[in-house]
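2 protein chains.
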Amino acid sequence: MTIQNKSNNSWIHDKTKESKEQTANWLDERKRRIFNKKTLNKRVPILTWLPKYNKEDAVGDLVAGFTVGLTVIPQALAFAGIAGLPVEHGLYASFLGCVVYILLGSSKDVPIGPTAMSALLVFQVTQGDWQKAVLLTFLTGIIEICMGFLQLGFLLDFVSGPVSAGFTSAVALLISSSQVKDIFGIKASGPTFLKMWASIIENIQNLHLPDTLLGCCCIIILLLLKEITSIKVGPLEETARSLIHKNLTKILWLIGTSRNALSVITCAVLGANTSLFTLVGKIPSGMPGFEIPSFSFVRKNNGTETIESFEEVTSSFGAALIIIPLISLLENMAVCTSFANGRAVDATQELIAIGASNIANSLVQGFCSTGGLARGAVQNASGVRTQLANLYTALIVMIALQFFTPCFSYIPKACLAAVIITAVIFMVQYKVLRPMWNSKKIDLIPGLCTFIACLVLRIQIGIFVGITINFIFILYQTARPKINIEKVFTPSGLQYLKVTPDRCLIFPSVEFVRSSINKEGIKCELPIVIDCTFIYGADFTAAKIVSQLIKDFEQRSQKLLFFNLKPSVVQVFEGISPDLANYYDIKELEMELAMAGVVYV
Amino acid sequence: MTIQNKSNNSWIHDKTKESKEQTANWLDERKRRIFNKKTLNKRVPILTWLPKYNKEDAVGDLVAGFTVGLTVIPQALAFAGIAGLPVEHGLYASFLGCVVYILLGSSKDVPIGPTAMSALLVFQVTQGDWQKAVLLTFLTGIIEICMGFLQLGFLLDFVSGPVSAGFTSAVALLISSSQVKDIFGIKASGPTFLKMWASIIENIQNLHLPDTLLGCCCIIILLLLKEITSIKVGPLEETARSLIHKNLTKILWLIGTSRNALSVITCAVLGANTSLFTLVGKIPSGMPGFEIPSFSFVRKNNGTETIESFEEVTSSFGAALIIIPLISLLENMAVCTSFANGRAVDATQELIAIGASNIANSLVQGFCSTGGLARGAVQNASGVRTQLANLYTALIVMIALQFFTPCFSYIPKACLAAVIITAVIFMVQYKVLRPMWNSKKIDLIPGLCTFIACLVLRIQIGIFVGITINFIFILYQTARPKINIEKVFTPSGLQYLKVTPDRCLIFPSVEFVRSSINKEGIKCELPIVIDCTFIYGADFTAAKIVSQLIKDFEQRSQKLLFFNLKPSVVQVFEGISPDLANYYDIKELEMELAMAGVVYV
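If you read the protein sequences in the order shown, they are chains A and B. Each residue of the first sequence is one higher than the one before, starting from 0 at the first, in numbering that gives the first Met the number 0. Each residue of the second sequence is one higher than the one before, starting from 0 at the first, in numbering that gives the first Met the number 0.
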């Protein structure tokens with residue numbers, strides 16, 4: 000007795016010592032993992048690719064960076080309009096963030112800059128106040144970096160395909176609608192889709208004909224130019240094409256790709272030489288100043304000045320402080336995974352990279368930026384080799400800021416509206432409906448609900464509604480497992496009822512499982528064997544209800560056996576029912592049934 | 000070709016006809032199911048048991064109804080205090096609902112009446128306004144009936160054991176704390192646990208000594224009397240006890256069970272004959288009037304009268320309109336299942352029954368009632384036979400209302416507080432901690448979070464917090480399946496990598512599964528077989544990402560095969576990837592691998 004006690008104690012002692020050692024090892028391990036070279040390379044990806052940089056990389060990046068630069072300038076001007084900000088802030092958001100991304104970004108295909116979706120979110124939160132937009136960008140950056148260090152990138156997994164499709168489509172419609180007023184040259188506004196259109200219809204009689212004509216022409220030309228990017232000159236087979244064919248194809252592709260820049264330049268020339276159109280107006284020339292964002296604001300209201308404190312402003316941002324980082328990550332990851340050929344993308348690193356880019360942007364009065372899918376496709380198709388392509392894009396934007404801002408003031412608003420509409424209208428994902436119908440019809444519900452909610456409510460609320468509906472689907476699935484029930488015989492002919500639940504036993508499902516098994520147990524008086532092959536997990540509620548189930552069967556003097564219960568689950572159940580009858584071997588089960596007096600048939 | 004077309008058409012025609020027939024059949028079937036005798040018996044359970052009612056049933060019910068009557072009267076007075084209402088409303092809530100439950104209730108053990116938990120919820124919502132409390136009761140009743148018809152009883156499954164334990168414990172502490180002021184004879188109040196105690200400590204110097212002494216004595220005596228219910232007089236073995244022993248045991252049990260009634264009567268006598276104690280005060284005598292609850296209220300504020308409309312009042316009720324029905328059902332189901340010996344309890348029918356009871360109660364100015372677990376235990380132990388016991392309880396309450404209300408005004412407040420504290424303090428479920436620790440430690444988190452949130456915030460919000468944390472646990476579990484990876488050989492020696500995910504593929508997990516499989520695929524260049532035995536379900540997002548996974552493998556010219564995919568899941572996947580390589584037979588799999596050029600080892 001004494002010996003056993005002693006050995007018990009020594010075992011406890013050993014265990015404590017062991018656990019201390021484990022803790023020390025774990026700390027060392029963490030230190031090593033955080034400060035080793037591999038982690039450094041992972042967190043500062045430029046260390047990996049820059050040493051191997053060669054001439055071919057330089058050529059590829061230059062071409063890609065230049066092409067993206069031609070795309071990003073008109074987009075930046077246009078998306079600043081979506082955000083309700085003076086157009087120069089779009090350009091301010093398109094150079095410093097790019098440079099930061101070169102250091103920290105893990106994907107070569109990501110061109111940092113404003114996107115339509117984040118611009119709309121910025122507008123819905125700040126209502127066109129550029130100082131607030133800059134503060135929002137700064138906070139978004141900080142939150143993205145924090146989310147990165149907390150490894151919260153997995154949150155994106157909770158946005159399902161249908162919800163994401165519904166959200167994107169609604170955003171596309173909202174953005175297009177917000178630009179219709181500029182096409183018609185009228186004034187209109189509204190917080191939701193329906194009110195926006197009501198306002199447009201109300202003001203349609205003030206239509207400004209030159210703007211309308213210019214806008215419609217731009218839309219048609221842009222759509223046609225988009226089509227020519229996919230034209231292949233020459234014979235169908237690629238090998239049969241001559242060098243001229245190939246060069247012609249490339250030129251067509253380049254014209255198509257820089258369609259926005261071309262149409263903006265043409266229209267600006269028109270705008271400068273006529274006085275027919277509503278123009279963007281005066282833009283401050285030169286590079287923006289480098290300054291910390293304001294954290295509180297002075298508001299003038301009827302002559303009196305009131306101060307909005309940091310707390311008031313951030314609380315007015317509300318859920319957007321979570322939604323914008325998530326949506327930015329969603330867009331950015333879409334670019335990364337589209338061109339990663341199945342290689343894993345490090346969401347944590349991307350969060351840190353776009354976070355740092357946003358902080359940098361906020362210091363030069365830019366607004367929220369991230370990787371845009373359309374520009375990403377251009378960058379990839381232009382033969383980008385490394386992240387350095389962003390440098391050339393940034394240089395082009397800086398040159399534009401330094402030298403061409405006076406010209407930008409001549410751009411007609413209708414032309415920018417046409418650029419936006421032709422960019423976002425293809426984001427309406429009607430094509431996803433058919434595969435969804437073929438694959439799983441019920442998934443149309445969260446998709447359509449998100450779509451409608453985003454149009455009817457504010458989009459931050461809309462996406463919450465969609466995610467919630469999707470969660471309810473998962474929870475319902477967890478709550479109602481399928482239970483397979485059949486009368487079977489052991490090899491030697493003992494009859495029993497085999498009950499097989501098809502998934503884990505956790506609280507939403509377990510009362511249902513208990514009542515189902517009890518019902519079957521009362522109906523047929525055979526011993527019941529629960530086949531637990533598919534039960535990979537259980538919780539305390541399950542353990543409690545299983546112990547009640549065991550008592551139910553004891554009261555009826557009916558046999559209840561468990562078969563093939565995983566050791567991890569046994570542990571959970573035995574915390575409450577220490578004498579659980581669990582078997583892994585069909586022969587043992589048979590012996591137990593025979594002992595219980597089950598007759599051979 | 001024409002023939003085929005025709006046959007196709009006829010097939011379509013047939014299908015339409017068939018589906019029409021099916022619809023008609025389904026409607027007939029629904030009609031039959033709704034209006035047949037079985038459903039009628041299920042929805043009006045008195046039809047089942049009343050025809051078989053006999054003398055023995057009558058005796059059992061009489062004894063049980065009488066005993067519960069003695070318990071319910073002091074509890075009703077006390078719980079009205081918790082709800083912040085004049086004490087007579089507790090009695091008003093204890094008779095008409097009982098009678099309605101006889102007709103509709105499905106469990107013999109449920110004694111309808113006020114409970115501490117629902118009283119606290121009523122207080123937190125209506126802040127002691129009896130007219131609002133009555134309207135709340137009416138609406139609660141209607142919502143319960145609606146939930147019954149919509150079969151929403153399953154919502155209860157989403158309240159896990161730990162959350163329910165944390166909630167109940169917090170409620171018990173809150174209720175006890177709210178009564179401490181009456182024990183000390185002081186004035187104190189506070190919306191949360193901490194503020195309540197701060198207020199008590201602040202006012203403790205005004206302590207009223209006679210009240211304090213009476214309260215403490217009552218608590219001690221009630222706790223002692225509770226103990227004697229479990230005393231068995233005579234020898235240990237039941238068979239060896241004489242009739243005298245048994246009768247003595249019964250008398251002790253009866254004294255213990257009616258301890259609340261006894262102490263209230265004694266204290267009322269003391270209160271009537273001395274003027275030492277703070278008394279309950281004047282109570283309107285006689286039965287309440289029968290009237291429809293008010294739907295709008297006139298409020299006097301600084302002499303001006305304002306009208307609170309129905310919308311304003313209901314929106315001030317807010318989430319309580321869902322929480323109170325759910326908690327009422329939770330309490331009621333706890334009574335039903337405790338004494339059902341594993342038989343299934345019909346949550347739908349119970350919702351309808353307590354809903355109808357609450358509507359009835361609201362017509363006689365009572366507040367929310369449901370089955371109380373303590374009274375249910377008394378009713379069961381008194382040998383109840385059918386729901387008719389509720390009739391005798393109702394009669395006793397009506398007699399008390401008609402003849403004894405003048406006496407109730409002499410009851411000292413401290414005595415009622417003692418009745419409440421000794422009733423609810425055992426609801427603090429500290430005993431659940433040890434089995435939870437033994438069974439599944441992580442389940443302590445939602446339990447403790449609910450407990451703390453209910454104490455710190457309002458309890459409706461607290462339970463929401465708990466349920467949300469629990470949901471996050473489920474969602475995380477869904478998002479991170481375990482994937483088992485091993486190199487295996489087919490019977491004839493072909494090597495492949497077998498990947499086995501352990502649960503269903505739905506959107507939160509599927510990106511993780513894809514990147515895991517890709518990582519393994521890139522690491523080892525063997526063909527990969529995904530063993531889908533444990534995958535019981537999939538959604539559109541899963542189908543989309545699986546199609547991407549297939550493309551990833553095609554790009555690497557690596558073989559990716561599926562094994563044992565359930566037909567329902569195949570359908571979902573084939574909606575997007577029509578040429579999915581799925582095998583059910585290991586031999587077919589082997590042939591496929593051999594054709595792909597896998598070498599024998």
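For glycine and all other residues, C-beta sits at the position ideal for the given N, C-alpha and C. Here the structure is a predicted model, which means the values were calculated and not measured.
Would Ser198(A) pass as an interface residue toward chain B - the criterion being a Cβ-Cβ separation below 8 Å?
As a first step, residue 198(A) is located in the first sequence; it is residue number 199 there, counting from the start. No, its Cβ sits nowhere closer than 8 Å to a Cβ of chain B.
In the structure shown, what three-state DSSP assignment does Tyr582(B) receive?
Within the second sequence, numbered from 1, the residue matching residue 582(B) stands at position 583. Residue state, collapsed to three classes: strand.
Are the CB atoms of Ile185(B) and Ile203(B) nearer to each other than 8 Å?
By 1-based counting over the second sequence, the position of residue 185(B) is 186. By 1-based counting over the second sequence, the position of residue 203(B) is 204. Yes, the Cβ-Cβ distance between Ile185(B) and Ile203(B) is below 8 Å.
Tell me whether Gln386(B) sits in a helix, a strand or coil according to DSSP, three-state version.
Locating residue 386(B) in the second sequence gives position 387, counting from the first residue. Of the three classes helix, strand and coil, the one that applies to Gln386(B) here is coil, per DSSP.
Under the three-state DSSP convention, the category Ser6(B) falls into
What you label residue 6(B) is simply residue 7 of the second sequence in a count that begins at 1. Confidence is the limiting factor: at Ser6(B) the pLDDT is only 39, short of 50, which leaves the residue's position unreliable and the question unanswerable from this model.
Can you name, in chain order, every residue of its own chain whose Cβ lies under 6 Å from the Cβ of Gly83(A), other than the five neighbours on each side?
To locate residue 83(A), count along the first sequence from 1; it is residue 84. So the qualifying residues of the chain are Phe122 and Gly127.
Assuming Glu304(A) is part of the beta strand (DSSP E), what are its boundary residues?
Working through the first sequence from its first residue, we reach residue 304(A) at position 305. Thr303 to Glu307 is the extent of the beta strand (DSSP E) around Glu304(A).
Between Leu350(B), Thr114(B) and Thr228(B), which lies nearest to Lys245(B) when the distance is taken from Cα to Cα?
Position 246 of the second sequence, counting from 1, holds the residue named residue 245(B). Ranking Leu350(B), Thr114(B) and Thr228(B) by Cα distance to Lys245(B) puts Thr228(B) first.
Report the neighbours of Ser438(B) on chain A: residues whose CB is nearer than 7 Å to its CB, in chain order.
As a working mapping, residue 438(B) is identified with position 439 in the second sequence. Simply Phe539, Ala542, Val571, Gly574 and Ile575.
Sort out for me which residues DSSP pairs Leu559(A) with in a bridge.
Residue 559(A) sits at position 560 when you count from the first residue of the first sequence. Ile527(A).
Closest Cα partner of Pro324(A) within the set Phe403(A), Thr336(A), Ala355(A) and Ser314(A)
Working through the first sequence from its first residue, we reach residue 324(A) at position 325. If we check each option's Cα against that of Pro324(A), Ala355(A) comes out closest.
So Gln386(A) and Lys107(A) are in contact, right, with Cβ under 8 Å, and what is the actual spacing, rounded?
Translated into positions along the first sequence, residue 386(A) becomes position 387. Translated into positions along the first sequence, residue 107(A) becomes position 108. About 5 Å separates the two Cβ atoms, so the contact holds.
Comparing alpha-carbon positions, which option in Thr489(A), Ser514(A), Asn437(A) and Gly574(A) lies nearest Pro500(A)?
By 1-based counting over the first sequence, the position of residue 500(A) is 501. Here the closest residue by C-alpha is Ser514(A).
Since Tyr495(B) is in the beta strand (DSSP E), which residue starts that stretch and which ends it?
Within the second sequence, the letter at position 496 stands for residue 495(B). First-last of the beta strand (DSSP E) with Tyr495(B): Gln494 to Pro500.
For Met286(B) and Pro474(B), the rounded distance between their alpha carbons:
Along the second sequence, read from residue 1 onward, the residue named residue 474(B) stands at position 475. Along the second sequence, read from residue 1 onward, the residue named residue 286(B) stands at position 287. It should be noted that the sequence gives Leu, not Pro, for residue 474(B). So the alpha carbons of these two residues sit roughly 52 Å apart.
Enclosing beta strand (DSSP E) for Ile457(B) [first to last residue]
Against the second sequence, residue 457(B) aligns to sequence position 458. Sequence check: residue 457(B) is Arg here, not Ile. From DSSP, Arg457(B) is part of no beta strand (DSSP E); its letter is neither H nor E.
Can a CB atom of chain B be found closer than 8 Å to the CB of Thr53(A)?
Numbered from 1 along the first sequence, position 54 holds the residue referred to as residue 53(A). The residue you asked about is not Thr; residue 53(A) is Asn in the sequence shown. Judged by the 8 Å Cβ criterion, Asn53(A) is not in contact with chain B.
Within the continuous alpha helix (DSSP H) that includes Val344(A), where are the two ends?
Mapped onto the first sequence, residue 344(A) falls at position 345. Careful: Val344(A) lies outside any alpha helix (DSSP H) and carries neither H nor E.
Are the CB atoms of Phe463(B) and Arg502(B) nearer to each other than 8 Å?
The count along the second sequence starts at 1 and reaches residue 463(B) at position 464. The count along the second sequence starts at 1 and reaches residue 502(B) at position 503. Cβ atoms of Phe463(B) and Arg502(B): not closer than 8 Å.
Selection from Gly288(A), Gly165(A) and Gln74(A) that minimises the alpha carbon distance to Leu454(A)
Within the first sequence, the letter at position 455 stands for residue 454(A). The option with the nearest alpha carbon to Leu454(A) is Gly165(A).
Here's the rule: buried if 16 or more other CB atoms are within 10 angstroms of the residue's CB, otherwise exposed. What is Pro44(A)?
As a position in the first sequence, residue 44(A) is number 45, starting the count at 1. Buried, by the Cβ-count rule.
Of all Cβ atoms in chain B, is any one closer than 8 Å to the Cβ of Asp56(A)?
As a working mapping, residue 56(A) is identified with position 57 in the first sequence. Closer than 8 Å: no.
The segment 493 to 504 of chain A: positions lying closer than 9 Å to chain B by Cβ
Asp501, Arg502 and Cys503
Would the segment 267 to 282 of chain B count as touching the segment 95 to 107 of chain B if we require 3 or more Cβ pairs under 8 Å?
no
Anyone know if the C-beta pair for Leu350(A) and Met116(A) falls short of 8 Å?
Locating residue 350(A) in the first sequence gives position 351, where the first residue counts as 1. Locating residue 116(A) in the first sequence gives position 117, where the first residue counts as 1. Result no, Cβ atoms of Leu350(A) and Met116(A) do not sit closer than 8 Å.
Cutoff 8 Å: Lys281(A) Cβ touching any chain B Cβ
In the first sequence, counting from the first residue as 1, residue 281(A) sits at position 282. Not one chain B Cβ lies under 8 Å of Lys281(A).
Check the Cβ of Gln476(B) against every Cβ in chain A and list those closer than 7 Å, keeping chain order.
Taking the second sequence and counting its residues from 1, one reaches residue 476(B) at position 477. The answer, in chain order, is Gly536.
Measuring only the C-alpha atoms, how far is Ile11(A) from Ala118(B)?
Mapped onto the first sequence, residue 11(A) falls at position 12. Mapped onto the second sequence, residue 118(B) falls at position 119. Per-residue confidence for Ile11(A) stands at a pLDDT of 37, beneath the threshold of 50, marking its modelled position as unreliable; the derived number appears in the next sentence. Near 49 Å, if we compare the C-alpha coordinates of Ala118(B) and Ile11(A).
Per-residue DSSP class, three states only, for Arg42(A):
Locating residue 42(A) in the first sequence gives position 43, where the first residue counts as 1. Helix, per DSSP.
Rounded distance between the beta-carbons of Lys180(B) and Leu278(B), thought under 8 Å:
Within the second sequence, the letter at position 279 stands for residue 278(B). Within the second sequence, the letter at position 181 stands for residue 180(B). Wrong, their Cβ atoms sit about 15 Å apart, outside the cutoff.
What residue range does the alpha helix (DSSP H) around Phe137(A) cover?
In the first sequence, the residue the question calls residue 137(A) occupies position 138. Trp129 to Phe148 is the extent of the alpha helix (DSSP H) around Phe137(A).
In chain A, which residues lie less than 8 Å from Met435(B) when you measure between Cβ atoms?
Numbered from 1 along the second sequence, position 436 holds the residue referred to as residue 435(B). The answer, in chain order, is Phe539 and Gly574.
Three-way DSSP call (helix, strand, coil) for Glu485(A) in this model:
In the first sequence, counting from the first residue as 1, residue 485(A) sits at position 486. Strand at Glu485(A).
What residues from chain B crowd round Ile44(A), counting only those whose CB sits closer than 8 Å?
Position 45 of the first sequence holds residue 44(A). Note on residue identity: the sequence assigns Pro, not Ile, to residue 44(A). Within chain B, no residue comes near Pro44(A); the closest Cβ sits about 18 Å away, beyond 8 Å.
Between which two residues does the alpha helix (DSSP H) carrying Lys107(B) extend?
On the second sequence, residue 107(B) is found 108 positions in, with the first residue counted as 1. Unbroken run through Lys107(B): none, as it is neither H nor E.
Using the three-state DSSP reduction, which class does Asn624(B) fall into: helix, strand or coil?
With chain B covering only 0 through 600, there is no way to say anything about residue 624(B).
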